[in-house]
Amino acid sequence: MGLKGKEYRKLLEPMTEELVMMARWARITGQRIVVLFEGRDTAGKGGAIRAVRDKLNPRQCRTVALGKPTDAERTQWYFQRYIAHLPSAGEIVLFDRSWYNRAGVEQVMDFADQDEVDLFLRQVPILEKLLTDDGILLFKYWLTTDQEKQEERLRERLDDPLKRWKLSPIDLAAREKYDAYTQAREAMLKATDVGYAPWTLVDFNDQKRGRLTLIRNLLDRLPDTHCELPEIEFPDLGREPKVESFSALEPIENYPIDD
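Each residue of the sequence shown is one higher than the last, beginning at 3 in the working numbering.
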């Protein structure tokens with residue numbers, strides 16, 4: 003049985019406070035943080051990212067989810083369009099899929115040939131060594147899910163009008179390539195799981211438990227991020243609070259709610 007929502011929120015709350023502290027620490031120290039979220043379709047990357055960034059300042063913590071490359075981008079060095087989204091001092095960047103697309107969906111769905119994939123697998127450890135040598139904290143997560151769960155979630159997307167937008171022709175085509183994705187992932191891990199940029203696999207068959215596992219792991223791998231809250235003076239207003247007044251325009255009517 004999956005983790006219930008009430009228990010999940012109770013367990014997540016103290017971690018969320020730690021994430022806020024992490025963001026404060028990054029801002030104060032100028033640290034740059036990059037987190038990659040990879041996995042099969044329906045694994046739960048979007049929900050995991052929302053759990054991480056929920057209470058963080060969106061101007062400091064950015065999500066990058068790139069679409070297919072443009073004609074111009076196809077002529078560039080493969081990593082070029084990703085490099086532009088790396089963080090500046092004090093920023094946190096969460097990649098909803100990343101440069102590892104080349105070793106996953108692009109390879110399995112024949113958007114990249116084997117020579118391109120092989121070149122990628124040779125180059126990516128070099129790129130990540132450059133990033134980490136420059137002081138970027140890089141975390142790479144692969145969210146795992148069994149095919150039974152994948153089928154259940156695809157069907158849910160099909161049946162729920164609020165989730166139908168998540169269902170693409172590529173998602174449906176990927177159903178027939180579960181084993182091919184497994185083989186591509188294993189080859190990718192063997193080539194790119196290196197000491198300075200290791201992979202962490204997280205079980206996301208239960209997505210709520212998976213989010214807790216991922217966030218706890220991320221927080222435990224950071225340096226000490228404790229920062230005292232700055233003192234802020236908040237003097238008494240010195241008068242009765244005023245009620246909004248209007249002369250040019252009036253607010254529209256409130257949404258009707260039955261008392």
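Where is the CB? At the ideal position from N, CA and C, for every residue including glycine.
With respect to residue 123, residue 194 sits close: the two C-beta atoms are nearer than 8 Å. Two segments are said to touch when three or more pairs of C-beta atoms, one from each, lie closer than 8 Å; by this definition the stretch 110-125 does not touch the stretch 39-59.
In the structure shown, the three-state DSSP call for residue 168 is helix. Taking C-beta atoms under 8 Å as the contact rule, residue 144 and residue 201 qualify, at a distance of about 6 Å. Shown here, residue 64 sits in a strand according to DSSP, grouped into three states. Per DSSP, the beta-bridge partners of residue 35 are 94 and 139. For the pair residue 199 and residue 219, the Cα-to-Cα distance works out to about 15 Å.
Between residue 214 and residue 73, the alpha-carbon positions lie close to 39 Å from each other. Per DSSP, residue 73 is one residue of the alpha helix (DSSP H) stretching across 73-76.
In the DSSP annotation of this structure, the continuous segment of the alpha helix (DSSP H) that includes residue 222 starts and ends at 209-223. Residue pairing by DSSP leaves residue 115 without any beta bridge partner.
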